[in-house]
Amino acid sequence: MDFTLPDTAAAVRDGVTRAVSGFDHAYWSRCDEEHRFPEEAWAALAEGGWLGIGVPEEYGGGGQGLLEVAIANEALAASGGTQGTFLYILTPGFGAMTITRHGTPEQKKELLPGLAAGETQFCMALTEPDAGSNALEISTQARRDGDDFLISGQKIWISGVDRADWMLAITRQPPADGAPRTSGFTLLLVDVKEALAAGTLTFQPIPKLGGNIVTSSQVFFDDVRVPADRVVGEVGEGFGVLWDVLNPERILAAAGGVGSSDAALDLACDYARQREVFGRPIGANQAIQFPLAQIKAKTELARLMTYKAAWLFDQGQPCGNEANVAKLTAAQVAWESANQAFQTFGGMAYSKEFPVERLFRDARIGKNIPVAEELVLAHIGTQMLRLPRSY
1 MDFTLPDTAA
11 AVRDGVTRAV
21 SGFDHAYWSR
31 CDEEHRFPEE
41 AWAALAEGGW
51 LGIGVPEEYG
61 GGGQGLLEVA
71 IANEALAASG
81 GTQGTFLYIL
91 TPGFGAMTIT
101 RHGTPEQKKE
111 LLPGLAAGET
121 QFCMALTEPD
131 AGSNALEIST
141 QARRDGDDFL
151 ISGQKIWISG
161 VDRADWMLAI
171 TRQPPADGAP
181 RTSGFTLLLV
191 DVKEALAAGT
201 LTFQPIPKLG
211 GNIVTSSQVF
221 FDDVRVPADR
231 VVGEVGEGFG
241 VLWDVLNPER
251 ILAAAGGVGS
261 SDAALDLACD
271 YARQREVFGR
281 PIGANQAIQF
291 PLAQIKAKTE
301 LARLMTYKAA
311 WLFDQGQPCG
321 NEANVAKLTA
331 AQVAWESANQ
341 AFQTFGGMAY
351 SKEFPVERLF
361 RDARIGKNIP
371 VAEELVLAHI
381 GTQMLRLPRS
391 Y
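Its first residue numbered 1, the sequence shown is counted upward by one per residue in full-length UniProt numbering.
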């Protein structure tokens, strides 16, 4: 039986590919070199409605699911915008998808139209200096103050806070004795510009190896005031909502990894067809051809798992196992693809004349974020293979 994408998903893939066709590798490399947000690419995606794919039609969006959003992200990465995966994770993912699924009617009315139009940008604040993937250990707290909450604490590696209009802040009160470890989580919508103006929210950008089209920062909360009507989900019962944010994050990251692998493979194969050594194209040599063929096979497998995970999410079915497998395999093949492209280009891979060095840097981080490869393997080992826990 042939696998065929739904018409909506195929239309999204083709539409996003056309929308970003004018932004080549050189464009993305310049943005990275200048540490500059890709304003032009963002505007092109917004103009075509490709940032509001997952927003319900009544709020100006496309009314589609995670599968279509993931395919949009894949197409953007495949075009050369391998760092562009952040664009879809931050705003359509953390923002539009979360509010669509868990926001109140008032929150939807206030935020979704701007998210659909690309006029509103989002970030999420979960990771802390002493609590990365072990979210149960976060210590940022939100305490009641009349009709408001006051958030205090510190986050790290928060992407896009410098441009965000809104932040999904993850807080936790220590659970009472005998309460489940997953209790105490409250998710709050922070008006970033308002909090920055008040001086209660500050951030410090982190110099980093790559991914410089989006700033990553340390973030400090000093009694950031948030009205109680900005709670997403229930006070103290937000852990389930958090997982409904993290699974799409992993699926969107996987889609970006698949697209990144496509981009690196295209570069490597083009070069292998054109570069001649000893009187023939280097792509005729099995030492070059076979590793690229292996990567192509792995890319297609990762793509199918990513689509499956997104489809399950859209059907309201459990997708945690599939999301983790997709993230693992897509991140691995994105890295293998960039690494093999680097090897195919030989010494020229070091030259910034070619985008291989950027793809090489972009691909490496996927093995660490949004969750470390080792923790994904631990999930597969304990949840899918039913082996004893190691932690």
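From the three backbone atoms N, C-alpha and C, an ideal C-beta is built for every residue, glycine too. Only a predicted model underlies this, so the values are computations on that prediction, with no experimental measurement involved.
Beta-carbon proximity of residue i to residue j, cut-off 8 Å
i	j	result
Leu87	Ile99	no
Ser260	Ala77	yes
Ile251	Thr306	yes
Phe94	Leu168	yes
Phe122	Trp166	yes
Leu375	Gly381	no
Ala341	Gly257	no
Leu359	Thr82	yes
Asn339	His379	no
Trp42	Gly118	yes
Ile71	Glu249	no
Ser79	Ser21	yes
Glu336	Ile295	yes
Asn188	Val231	Correcting the residue identity first, residue 188 is Leu in this sequence and not Asn. Cβ distance < 8 Å, so Leu188 and Val231 count as in contact.
Glu373	Leu312	no
Leu209	Arg361	yes
Val192	Leu115	no
Arg181	Phe37	no
Thr344	Tyr391	no
Ile170	Ser216	no
Gln154	Val219	yes
Leu66	Ala310	yes
Thr186	Gly236	yes
Ile156	Pro129	yes
Cys319	Asn212	no
Ala363	Ala334	yes
Nearest-angstrom Cβ-Cβ length linking residue i and residue j, presumed shorter than 8 Å
i	j	result
Ala142	Leu136	Contact doesn't hold; Cβ gap of about 16 Å is too wide.
Gly184	Arg172	5 Å
Ala255	Glu74	4 Å
Asp147	Pro205	That pair is no contact at about 34 Å.
Thr8	Glu68	6 Å
Val241	Gly233	4 Å
Gly52	Ala11	Not confirmed; about 14 Å, so no contact.
Ala253	Gly132	15 Å between Cβ atoms; not a contact.
Bridge partner(s) assigned by DSSP for residue i
i	result
Thr186	Thr171
Gln218	Gln204
Arg389	Note: Arg389 sits in no beta bridge, so no partner.
Pro370	In DSSP, Pro370 forms no bridge with anything.
Val232	Leu187
Ser351	According to DSSP, which records beta bridges pairwise, Ser351 is partnered with nothing at all.
Pro227	Asp148
Trp166	Phe122 and Asp191
Ile158	Ser217
Gly178	Its beta-bridge partners do not exist; DSSP assigns none.
Glu237	Phe185
Val153	The question names Val, but residue 153 is Gly in the sequence shown. According to DSSP, Gly153 bridges with Phe221.
Would you call the stretch 301-308 and the stretch 350-361 in contact, with 3 or more CB pairs under 8 Å?
no
For a minimum of 4 consecutive residues, which ranges assigned as the alpha helix (DSSP H) are wholly contained in the stretch 45-83?
66-78
Runs of alpha helix (DSSP H) wholly within the stretch 70-151 (minimum 4 residues, chain order):
85-88, 98-102 and 105-117
Length-filtered (4 minimum) alpha helix (DSSP H) runs lying within the stretch 4-41
7-19 and 25-33
Would you be able to state if there are at least three C-beta pairs under 8 Å between the stretch 277-286 and the stretch 44-54?
no
Run through the stretch 253-336 for me and flag every whole alpha helix (DSSP H) of 4 or more residues, listed as ranges in chain order.
Here the runs fully enclosed are 286-314.
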